[in-house]
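> Okay, handing you the structure first.
Protein chains in written order, with the working numbering: chain A, 1 to 214; chain B, 215 to 428.
Put into structure tokens, the structure is as follows:
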């Protein structure tokens with residue numbers, strides 16, 4: 001399935017998975033709420049995570065806060081960006097120029113967060129050549145060459161379920177290491193390739209557990 | 215922010231968050247791989263979660279497997295659906311009929327997984343009245359009445375960031391308890407309302423941590 005191993009470098013993947021949430025909440029605090037410092041308690045309240053968990057997660061990477069004064073938000077943001085290797089923008093290949101591809105090409109959440117959709121591909125002659133938010137949709141036949149030439153390592157798959165495995169194979173063959181897939185099927189990928197899934201149902205199911213409980 | 219509290223009924227939310235992943239992997243095993251039984255080890259390998267974690271998570275809810283023979287997949291699927299309250303389909307309101315709204319209206323991953331998009335709303339006169347995969351886009355002015363009349367409790371927000379908070383307020387005011395938002399901003403919601411976010415960047419950031427490490 002090409003998931004992410006549960007533990008690498010002695011740090012559980014579940015911990016790594018929370019760091020982007022901390023980063024997003026901290027960025028919100030700094031930019032929109034104008035805060036300079038915060039505490040694990042405040043951060044935890046925003047995220048529904050215990051303050052003890054946050055302190056434990058961060059302790060894997062060093063000493064970021066002080067008893068009493070808490071965390072300096074911009075410093076912690078900088079450190080988290082280092083840990084997650086986000087100092088420079090990663091070019092991202094998007095495959096699939098349908099409704100979802102359009103939505104992703106127009107998504108404003110990529111800006112200043114470490115990623116930039118650099119290329120879009122599709123196999124539909126009616127889509128090839130069209131402009132999506134400044135990106136020209138390229139022929140899927142050019143995919144491998146572009147990925148190799150530009151050294152792209154990250155891809156987003158927004159094609160129908162029936163085409164997703166074939167696309168994943170193409171991407172991996174060309175050198176992509178990380179895939180975020182929106183197709184509602186499980187992809188096979190070799191060891192060392194990370195595949196994550198964006199699946200609205202997984203999130204909705206998490207919420208129905210609580211329906212009626214409060 | 216209206217997140218989900220870290221612990222309810224003594225079961226950490228992080229555990230609840232993994233149940234849909236187990237359910238999806240088990241459904242894949244049963245339907246596509248034709249398996250009848252599995253083990254926490256096999257399930258863990260598919261998901262990048264330790265077998266001990268899986269056993270511990272499931273033990274919160276009862277005794278589902280046997281030493282040596284493992285889990286009967288269909289039985290475990292049934293139990294997880296019960297725990298997550300998925301025995302009947304939940305009607306879902308979708309707000310925003312742009313590219314993403316179209317993609318969601320056509321998403322095939324909802325089927326047989328507990329959800330059905332029943333209504334779509336937008337405020338754009340050019341979108342109101344159009345058909346999206348069999349759903350007619352309704353005027354946002356009808357949103358509150360429809361939600362109240364039909365008792366809808368779950369909504370998906372796929373509007374621009376600038377409109378998301380206003381829509382969230384409307385939804386909550388009409389009785390929605392659970393919101394999945396695709397807008398790249400943090401929403402404020404009262405206690406007891408659950409808000410989860412679909413944010414591709416959070417997933418991409420989790421993967422860049424591992425870039426170059428293998």
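The C-beta atom is built at its ideal place from N, Cα and C for all residues, glycine as well. Source: prediction; values computed, not measured.
(1) So, with DSSP's three-state summary, where would you put residue 65 of chain A?
(2) What three-state label does DSSP hand residue 194 of chain A in the structure shown?
(3) Could you give the C-beta distance for residue 61 of chain A and residue 76 of chain A, rounded to a whole number, given that I count them as a contact under 8 Å?
(4) With 7 Å set as the bound, which would you pick, yes or no: does the beta-carbon of residue 202 of chain A sit closer than that to a beta-carbon of chain B?
(5) Determine the burial state of residue 69 of chain A: buried for a count of at least 16 other Cβ atoms within 10 Å of its Cβ, exposed for fewer.
(6) Helix, strand or coil: which one does DSSP assign to residue 71 of chain A?
(7) Is it the case that the Cβ atoms of residue 143 of chain A and residue 100 of chain A are separated by a distance below 7 Å?
(8) Taking only beta carbons into account, state which residues of the region 174-208 of chain A come closer than 7 Å to chain B, listed in chain order.
(9) In chain A, what lies closer than 7 Å to residue 227 of chain B by C-beta?
(10) State the Cα-Cα distance for the pair residue 14 of chain A and residue 425 of chain B, rounded to the nearest angstrom.
(11) When the Cα of residue 249 of chain B is compared with those of B:260, B:225 and B:288, which residue comes out closest?
(12) Helix, strand or coil for residue 159 of chain A, going by three-state DSSP, please let me know.
(13) Rounding to the nearest angstrom, what Cα-Cα distance links residue 177 of chain A and residue 199 of chain A in this structure?
(14) What does residue 16 of chain A touch in chain B if you count any residue whose Cβ is under 7 Å from its own?
(15) Kindly indicate which residue of B:335, B:339 and B:257 has the alpha-carbon position closest to the one of residue 360 of chain B.
(16) Look at the Cβ atom of residue 265 of chain B, then the Cβ atom of residue 273 of chain B, and state whether they are nearer than 7 Å.
(17) Give the residues of chain A in contact with residue 321 of chain B, contact being defined as C-beta atoms less than 8 Å apart.
(18) Can you list, in chain order, the stretches of the beta strand (DSSP E) that have 3 or more residues and sit fully within the region 88-135 of chain A?
(19) Under three-state DSSP, which class holds residue 225 of chain B?
(20) What number of angstroms, rounded off, separates the C-alpha of residue 81 of chain A from the C-alpha of residue 30 of chain A?
(21) In its own chain, which residues sit with a C-beta less than 7 Å from the C-beta of residue 91 of chain A, not counting the 5 before and 5 after it?
(22) What number of angstroms, rounded off, separates the C-alpha of residue 213 of chain A from the C-alpha of residue 318 of chain B?
(23) Any idea what DSSP makes of residue 264 of chain B, helix, strand or coil?
(24) Under 9 Å between beta-carbons, which chain A residues line up against residue 314 of chain B? List them in chain order, please.
(25) Nearest to residue 310 of chain B by CA position, among B:236, B:242, B:395 and B:235, is which residue?
(26) If residue 107 of chain A and residue 398 of chain B are in contact, beta carbons under 8 Å, what's the gap, nearest whole angstrom?
(27) List, in order along the chain, the chain A residues whose C-beta lies closer than 8 Å to that of residue 297 of chain B?
(28) Grouping DSSP H, G and I as helix and E and B as strand, with all else coil, what is residue 394 of chain B?
(29) Give the secondary structure of residue 2 of chain A by DSSP, where H, G and I count as helix, E and B as strand, and everything else as coil.
(30) The region 153-167 of chain A: which residues have C-beta closer than 9 Å to a C-beta of chain B, in chain order?
(31) Please tell me whether residue 234 of chain B has its Cβ less than 7 Å away from any Cβ of chain A.
(32) So what's residue 139 of chain A in DSSP terms, helix, strand or just coil?
(33) Give every residue of the same chain whose Cβ lies closer than 6 Å to the Cβ of residue 242 of chain B, excluding the five residues on either side of it in the sequence, and list them in chain order.
(34) Please classify residue 216 of chain B: is it buried, with 16 or more other beta-carbons within 10 angstroms of its beta-carbon, or exposed?
(35) Can you have a look at residue 194 of chain A and say buried or exposed, based on whether 16 or more other CB atoms are within 10 angstroms of its CB?
(36) Can the beta-carbon of residue 84 of chain A be found less than 7 Å from the beta-carbon of residue 422 of chain B?
Looking at the coordinates:
(1) Counting from 1 along the first chain, the entry for residue 65 of chain A is found at position 65. If DSSP states are grouped into helix, strand and coil, residue 65 of chain A belongs with the strands.
(2) Start at 1 with the first residue of the first chain, and residue 194 of chain A comes out as number 194. Looking at residue 194 of chain A - three-state DSSP - the assignment turns out to be strand.
(3) Against the first chain, residue 61 of chain A aligns to sequence position 61. Against the first chain, residue 76 of chain A aligns to sequence position 76. Approximately 10 Å separates the beta-carbon atoms of residue 61 of chain A and residue 76 of chain A; this is outside 8 Å, ruling out the contact.
(4) Numbered from 1 along the first chain, position 202 holds the residue referred to as residue 202 of chain A. Chain B, which has a Cβ nearer than 7 Å to the Cβ of residue 202 of chain A, makes this yes.
(5) Counting from one through the first chain, the residue named residue 69 of chain A turns up at place 69. So residue 69 of chain A ends up on the exposed side.
(6) Looking up residue 71 of chain A in the first chain gives position 71. Residue 71 of chain A falls in the strand class under three-state DSSP.
(7) Position 143 of the first chain, counting from 1, holds the residue named residue 143 of chain A. Position 100 of the first chain, counting from 1, holds the residue named residue 100 of chain A. Contact check for residue 143 of chain A against residue 100 of chain A fails: the beta carbons are separated by 7 Å or more.
(8) So the list reads 177, 178, 180, 184, 186, 192, 194, 196, 198, 199, 200, 201, 202, 203, 204, 205, 206, 207 and 208, given in the order they occur along the chain.
(9) Working through the second chain from its first residue, we reach residue 227 of chain B at position 13. Per Cβ cutoff of 7 Å: 48.
(10) Position 14 of the first chain, counted from the start, is the residue given in the question as residue 14 of chain A. Position 211 of the second chain, counted from the start, is the residue given in the question as residue 425 of chain B. Residue 14 of chain A and residue 425 of chain B have their C-alpha atoms some 17 Å from each other.
(11) Along the second chain, one-based indexing puts residue 249 of chain B at 35. Here the closest residue by C-alpha is B:288.
(12) Stepping through the first chain from its first residue, residue 159 of chain A is reached at position 159. Residue 159 of chain A falls in the coil class under three-state DSSP.
(13) On the first chain, residue 177 of chain A is found 177 positions in, with the first residue counted as 1. On the first chain, residue 199 of chain A is found 199 positions in, with the first residue counted as 1. A straight line joining the alpha-carbon of residue 177 of chain A with that of residue 199 of chain A spans about 20 Å.
(14) Within the first chain, numbered from 1, the residue matching residue 16 of chain A stands at position 16. Correct list: 420 and 423.
(15) One-based indexing of the second chain puts residue 360 of chain B at position 146. Residue 360 of chain B has its Cα closest to that of B:335, out of B:335, B:339 and B:257.
(16) Translated into positions along the second chain, residue 265 of chain B becomes position 51. Translated into positions along the second chain, residue 273 of chain B becomes position 59. No. Outside cutoff.
(17) Position 107 of the second chain, counted from the first residue, corresponds to residue 321 of chain B. Within 8 Å Cβ-Cβ: 184 and 200.
(18) Whole beta strand (DSSP E) segments, 3+ residues: 90-95 and 115-122.
(19) For the purposes of this step, residue 225 of chain B is identified with residue 11 of the second chain, where counting begins at 1. Three-state DSSP puts residue 225 of chain B in a strand.
(20) By one-based count along the first chain, residue 81 of chain A stands at place 81. By one-based count along the first chain, residue 30 of chain A stands at place 30. Cα-Cα distance, rounded: 15 Å.
(21) To locate residue 91 of chain A, count along the first chain from 1; it is residue 91. 116, 118, 150 and 152, listed in sequence order.
(22) Here residue 213 of chain A refers to the residue found at position 213 when the first chain is read from its first residue. Here residue 318 of chain B refers to the residue found at position 104 when the second chain is read from its first residue. Here the alpha carbon of residue 213 of chain A sits roughly 28 Å from the alpha carbon of residue 318 of chain B.
(23) Here residue 264 of chain B refers to the residue found at position 50 when the second chain is read from its first residue. Three-state result, residue 264 of chain B: coil.
(24) As a first step, residue 314 of chain B is located in the second chain; it is residue number 100 there, counting from the start. For residue 314 of chain B, the C-beta contacts it makes with chain A under 9 Å involve 99, 100, 102, 103, 104, 106 and 107, in order along the chain.
(25) Position 96 of the second chain, counted from the start, is the residue given in the question as residue 310 of chain B. With distances taken between Cα atoms, residue 310 of chain B lies closest to B:395.
(26) Within the first chain, residue 107 of chain A is the residue found at index 107, counting from 1. Within the second chain, residue 398 of chain B is the residue found at index 184, counting from 1. Contact flag correct, Cβ pair sits at about 7 Å.
(27) Position 83 of the second chain holds residue 297 of chain B. The contacting residues are 209.
(28) Start at 1 with the first residue of the second chain, and residue 394 of chain B comes out as number 180. Reduced to three states, the DSSP call for residue 394 of chain B is strand.
(29) Mapped onto the first chain, residue 2 of chain A falls at position 2. Reliability of the predicted coordinates at residue 2 of chain A is poor, the pLDDT of 46 falling under 50, and the value obtained from them is presented with this limitation in mind. Residue 2 of chain A falls in the coil class under three-state DSSP.
(30) 153, 154, 156, 158, 160 and 161
(31) Mapped onto the second chain, residue 234 of chain B falls at position 20. So yes, residue 234 of chain B belongs to the interface.
(32) One-based indexing of the first chain puts residue 139 of chain A at position 139. If DSSP states are grouped into helix, strand and coil, residue 139 of chain A belongs with the strands.
(33) Sequence index remark: in the second chain, residue 242 of chain B carries index 28 (1-based). None.
(34) For the purposes of this step, residue 216 of chain B is taken as the residue at position 2 of the second chain. Any answer about residue 216 of chain B is weak, because its pLDDT of 47 lies below 50 and its placement is not dependable; what the coordinates show is given next. For residue 216 of chain B, the number of other beta carbons within 10 angstroms of its own is at least 16, and it is reported as buried.
(35) Translated into the one-based positions of the first chain, residue 194 of chain A becomes position 194. Looking at its Cβ environment, which holds 16 or more other Cβ atoms inside 10 Å, residue 194 of chain A is buried.
(36) For the purposes of this step, residue 84 of chain A is taken as residue 84 along the first chain, with counting starting at 1. For the purposes of this step, residue 422 of chain B is taken as residue 208 along the second chain, with counting starting at 1. A contact, by the Cβ cut-off of 7 Å.
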